Amino acid sequence: MPKLTGKQARHLRALGHKLKPAVMVGKEAVTEQLVVVCKEQLAAHELIKVKILEGCPQDRKEVAAELAQQTGASVAQILGRTLLLYLPSPERLITLP
């Protein structure tokens with residue numbers, strides 16, 4: 024999982040502001056299928072928004088840490104029940120400062 028600088032995290036948060044949630048975490052919390060979907064979305068978009076629904080039994084920080092660890096992504100932001108995950112692809116769709 025790549026470590027983001029403050030400047031990079033701010034840049035990603037600005038880009039992620041307009042995104043719609045690509046993945047939703049529900050009452051089953053982080054499952055193998057959810058991790059697969061996150062990996063697919065990260066491969067396609069590099070930056071994804073994840074929404075944690077009210078029924079999720081896990082804490083938002085636990086969900087963020089687990090998804091980041093299992094997908095190899097970095098957590099760019101945790102805001103309320105929404106996460107921003109970033110995983111650079113070989114094509115580099117997003118240029119970081």
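Position one of the sequence shown corresponds to residue 24 (the numbering used here), numbered consecutively onward. Even glycine gets a Cβ: it sits at the ideal position worked out from N, Cα and C. These numbers were taken from a predicted model, which means no experiment stands behind them.
Which of the three DSSP states is assigned to residue i in this structure?
i   : result
V60 : helix
K30 : helix
L65 : helix
In the DSSP assignment, what are the bridge partners of residue i?
i    : result
L110 : DSSP, once it has assigned bridges, lists no residue as partnering L110.
L70  : Y109
I75  : V48
The beta strand (DSSP E) spanning residue i covers which residue range?
i    : result
A45  : 44 to 48
L102 : 97 to 102
Please report the residue range of the alpha helix (DSSP H) in which residue i lies.
i   : result
Q92 : 83 to 94
K41 : No alpha helix (DSSP H) contains K41, which DSSP labels as neither H nor E.
Which residue from the options puts its Cα closest to that of residue i?
i    : options               : result
T94  : L119, E77, G103, S112 : S112
G49  : K30, A67, R115, I75   : I75
A52  : Q64, L65, Q31, R83    : R83
A96  : T54, E63, M47         : E63
E114 : T54, L65, E85         : L65
- Message: Does the contact criterion of 3 or more C-beta pairs under 8 Å hold for the segment 25 to 42 versus the segment 68 to 76?
- Response: yes
- Three or more C-beta pairs below 8 Å linking the segment 29 to 40 and the segment 107 to 119: yes
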